[in-house]
Amino acid sequence: MSLFLKVSDLWKVYNGSPVLQGVSFSFDECGIYVLMGDNGTGKSTFLRICALLDHYDRGEVNYISNGQLLPHDIELRRMVTLVLPKIGVFDTTVFNNVAYGLRLRGLQREEICNRVNSAIDFVGLRHKSKQAALTLSSGETQRLGIARALVINPQMLFLDEPSAFVDVKNREIIEEIILRLKKERKSTVILATHDMRQAERLADRLLILMQGRITAR
Amino acid sequence: MTSIIQGFSKAFSLILHLDAELLGIIVLSVKVSGTALFVATLLGLPLSALLGFKKFPLKGLIISILNTFMGLPPVVVGLFLYLLLSRSGPLGFMALLYTTTAMITAQSILAFPIVTSLSHAAIISVDPLIKQASMTLGATPFQVSLTIVREARYGIMSAVIAAFGRVMAEVGAILIVGGNIAGFTRVMTTTIALETDKGNFELALALGIILLSISLLINLVLHFVQKRGMAKER
Chain A
1 MSLFLKVSDL WKVYNGSPVL QGVSFSFDEC GIYVLMGDNG TGKSTFLRIC
51 ALLDHYDRGE VNYISNGQLL PHDIELRRMV TLVLPKIGVF DTTVFNNVAY
101 GLRLRGLQRE EICNRVNSAI DFVGLRHKSK QAALTLSSGE TQRLGIARAL
151 VINPQMLFLD EPSAFVDVKN REIIEEIILR LKKERKSTVI LATHDMRQAE
201 RLADRLLILM QGRITAR
Chain B
218 MTSIIQGFSK AFSLILHLDA ELLGIIVLSV KVSGTALFVA TLLGLPLSAL
268 LGFKKFPLKG LIISILNTFM GLPPVVVGLF LYLLLSRSGP LGFMALLYTT
318 TAMITAQSIL AFPIVTSLSH AAIISVDPLI KQASMTLGAT PFQVSLTIVR
368 EARYGIMSAV IAAFGRVMAE VGAILIVGGN IAGFTRVMTT TIALETDKGN
418 FELALALGII LLSISLLINL VLHFVQKRGM AKER
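Chain order of the listed sequences is A and B.
For the first sequence, counting from 1, position 24 maps to 24 in my numbering; every step adds exactly one.
For the second sequence, counting from 1, position 53 maps to 270 in my numbering; every step adds exactly one.
As structure tokens, this is what we get:
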């Protein structure tokens with residue numbers, strides 16, 4: 001089942017000033033969409049709205065699966081996920097952090113164990129499984145955030161500046177994870193960044209958010 | 218100085234040869250304070266969560282009242298309850314004055330604002346990113362609330378410990394509504410007050426040592442639980 005996202009004439013106003021001014025775009029193919037724009041152009045706002053975390057003032061955010069429009073309910077929210085620039089680490093082990101999303105969905109212990117181990121393997125944190133997550137470095141923390149998202153097998157993954165607070169080495173690891181994700185899992189990834197070089201390295205389609213509107217390149 | 222040393226010596230002797238009366242006083246103390254703490258936590262924790270997660274009218278006023286009541290003088294609570302429960306009072310027909318129920322009620326009233334107010338402070342101090350993380354991973358609003366309470370668990374435990382310390386050490390309210398009746402409503406603190414009045418310092422000291430030991434034990438256990446908690450979650 002493929003999930004597509006169609007955004008039409010999306011408007012969002014903060015304190016009287018419009019951030020998104022009639023954004024329209026269709027994310028209808030698997031791959032990596034990179035959303036570029038300077039700080040404050042509304043990239044995070046756009047991702048948060050698409051991930052169904054924030055409300056919008058006008059327009060439409062439609063998720064379509066098998067030709068059917070999906071209601072904005074908890075089922076849909078569990079098909080998509082957003083990794084924030086600062087992920088919000090739960091005060092427990094790395095394993096439990098990654099298992100969180102699966103426990104919310106009421107999965108069996110054995111399945112949780114297998115999927116968590118696979119996800120932390122994927123991001124190179126298997127050896128830190130029992131470590132307190134709050135003691136990870138910023139780069140490892142960001143990889144933890146990606147593992148937490150991957151483990152729930154989202155059909156659409158939003159990444160908001162995933163390497164904003166990490167060093168060069170961890171940025172390269174994160175980029176490698178994103179590329180593997182596309183190759184091995186055939187996921188749709190929508191990534192916001194203001195780093196032009198990163199955009200060029202990762203993008204299948206490059207989108208520019210400027211003056212509240214998206215233009216595709 | 219000699220009398221103090223003798224007092225301690227006799228006190229330790231009393232503890233070692235724990236008699237039935239002393240044991241009865243200790244058990245009743247723990248029972249009354251434990252039940253009061255349970256009631257206060259049962260009522261206080263949901264209220265603290267409600268105050269932490271929901272916006273509603275008079276919320277600020279309720280928080281201010283709870284903060285004020287954290288320093289509620291026990292004798293005032295005792296007096297208020299006495300007036301309610303005495304035979305001529307509105308609840309006099311329930312015949313609760315000078316019973317353990319009245320003592321538990323008094324201690325619950327004292328513990329409730331502490332549990333609620335400190336738990337609320339712990340809940341609202343949880344990093345807002347936790348709420349967002351929880352939502353991005355597909356939590357329902359109820360699951361988000363549970364996650365936040367879970368993140369605040371150490372603060373909530375501290376709130377419960379603080380409340381327990383308050384009720385275990387409390388004497389004014391339970392003396393007024395409990396009456397310090399031997400074998401029935403006599404607890405450690407009221408016995409210490411009575412025995413000190415009588416000049417029987419050995420028993421008072423013995424109970425004082427036991428009271429402190431119980432508090433120390435509970436704090437040590439909770440400290441251990443907090444340290445081990447994360448390891449056991451796997």
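A virtual CB, placed ideally from N, CA and C, is assigned to each residue, including glycine.
Contact list for residue i against chain B, beta-carbon separation under 8 Å
| i | result |
| --- | --- |
| I87(A) | L346 and A350 |
| A164(A) | Those within 8 Å of A164(A) in chain B number zero; the least Cβ separation is about 14 Å. |
| L84(A) | L346, Q349, A350 and T353 |
Rounded separation between residue i and residue j - CA only
| i | j | result |
| --- | --- | --- |
| G212(A) | R58(A) | 13 Å |
| F270(B) | A399(B) | 46 Å |
| G67(A) | S2(A) | 10 Å |
| S8(A) | A380(B) | 55 Å |
| H234(B) | K227(B) | 10 Å |
| R171(A) | V343(B) | 28 Å |
| G139(A) | A119(A) | 16 Å |
| N417(B) | F401(B) | 20 Å |
| K6(A) | L69(A) | 10 Å |
| G425(B) | T408(B) | 10 Å |
| Y63(A) | V80(A) | 10 Å |
| I331(B) | F286(B) | 8 Å |
| E450(B) | P274(B) | With a pLDDT of 46 at E450(B), under the threshold of 50, the modelled position of that residue is not reliable, and no figure is offered here. |
| E29(A) | R180(A) | 17 Å |
| L207(A) | M36(A) | 6 Å |
| L327(B) | L433(B) | 21 Å |
| I242(B) | L278(B) | 40 Å |
| I435(B) | A410(B) | 23 Å |
| H55(A) | R143(A) | 28 Å |
| L420(B) | V244(B) | 16 Å |
| S246(B) | A319(B) | 13 Å |
| A448(B) | G309(B) | Low confidence applies here, because A448(B) scores a pLDDT of 48, under 50, leaving its location unreliable; read the following figure in that light. Using only the alpha carbons, I get a separation of about 52 Å. |
| I431(B) | M374(B) | 17 Å |
| G288(B) | A257(B) | 16 Å |
| D414(B) | L262(B) | 39 Å |
| E238(B) | M405(B) | 11 Å |
| G31(A) | R185(A) | 10 Å |
| L346(B) | F90(A) | 10 Å |
| G106(A) | K348(B) | 19 Å |
| K248(B) | Y315(B) | 16 Å |
| A149(A) | R403(B) | 58 Å |
| I146(A) | S325(B) | 46 Å |
| T141(A) | S129(A) | 12 Å |
Option in the options with minimal Cα separation from residue i
| i | options | result |
| --- | --- | --- |
| G395(B) | D236(B), G372(B), T333(B) and S250(B) | S250(B) |
| G42(A) | Y14(A), Y33(A) and C113(A) | Y14(A) |
| T215(A) | A51(A), R171(A) and Y33(A) | Y33(A) |
| A164(A) | S137(A), D195(A), T93(A) and I178(A) | D195(A) |
| T357(B) | I174(A), K12(A), R180(A) and R103(A) | R103(A) |
| W11(A) | F4(A), G37(A) and I49(A) | I49(A) |
| G372(B) | I409(B), L428(B), S334(B) and S305(B) | S334(B) |
| L439(B) | K248(B), P263(B), G261(B) and I378(B) | I378(B) |
| A266(B) | L420(B), N436(B) and Q360(B) | Q360(B) |
| I463(B) | S430(B), L428(B), A423(B) and I427(B) | Absent from the model: residue 463(B). The displayed extent of chain B is 218 to 451, so no value can be given. |
| Q131(A) | G145(A), C113(A), T92(A) and K183(A) | T92(A) |
| L428(B) | G224(B), Q223(B) and L240(B) | L240(B) |
| L259(B) | A338(B), E412(B), Y299(B) and F329(B) | F329(B) |
Chain-ordered chain A contacts of residue i [CB-CB under 8 Å]
| i | result |
| --- | --- |
| G160(B) | The requested residue 160(B) does not occur in the structure, where chain B is confined to residues 218 to 451. |
| E368(B) | F90 and D91 |
Beta-carbon separation (whole angstroms), residue i vs residue j, contact threshold 8 Å
| i | j | result |
| --- | --- | --- |
| I321(B) | A253(B) | 5 Å |
| A376(B) | S336(B) | 5 Å |
| L47(A) | D204(A) | Contact flag wrong, Cβ pair sits at about 17 Å. |
| L20(A) | L52(A) | Rounded, the Cβ-Cβ distance is 15 Å, inconsistent with contact. |
| Q198(A) | E176(A) | 12 Å between Cβ atoms; not a contact. |
| P307(B) | L313(B) | About 12 Å separates the two Cβ atoms, so there is no contact after all. |
| V61(A) | V98(A) | Rounded, the Cβ-Cβ distance is 28 Å, inconsistent with contact. |
Neighbouring residues, chain B, relative to residue i (Cβ below 7 Å)
| i | result |
| --- | --- |
| R148(A) | L354 |
| A51(A) | T353 |
Neighbouring residues, chain A, relative to residue i (Cβ below 7 Å)
| i | result |
| --- | --- |
| Q360(B) | L104 |
Would you call the segment 85-98 of chain A and the segment 23-43 of chain A touching, i.e. three or more CB-CB distances under 8 Å?
Contact annotation: the segment 85-98 of chain A does not touch the segment 23-43 of chain A, with fewer than three C-beta pairs closer than 8 Å.
So, does the segment 150-160 of chain A touch the segment 189-201 of chain A, judging by three or more C-beta pairs under 8 Å?
Yes: at least three Cβ pairs fall under 8 Å.
Are there three or more Cβ pairs, one per stretch, closer than 8 Å when the segment 283-297 of chain B is compared with the segment 350-366 of chain B?
The segment 350-366 of chain B and the segment 283-297 of chain B do not touch, with fewer than three beta-carbon pairs separated by less than 8 Å.
Are the segment 382-391 of chain B and the segment 123-135 of chain A in contact at 8 Å, needing three or more beta carbon pairs?
Because the criterion of three Cβ pairs below 8 Å is not met, the segment 382-391 of chain B and the segment 123-135 of chain A do not touch.
For the 8 Å Cβ check, are there 3 or more pairs between the segment 347-362 of chain B and the segment 277-287 of chain B?
Between the segment 347-362 of chain B and the segment 277-287 of chain B there are fewer than three inter-stretch CB-CB distances shorter than 8 Å, so the stretches are not counted as touching.
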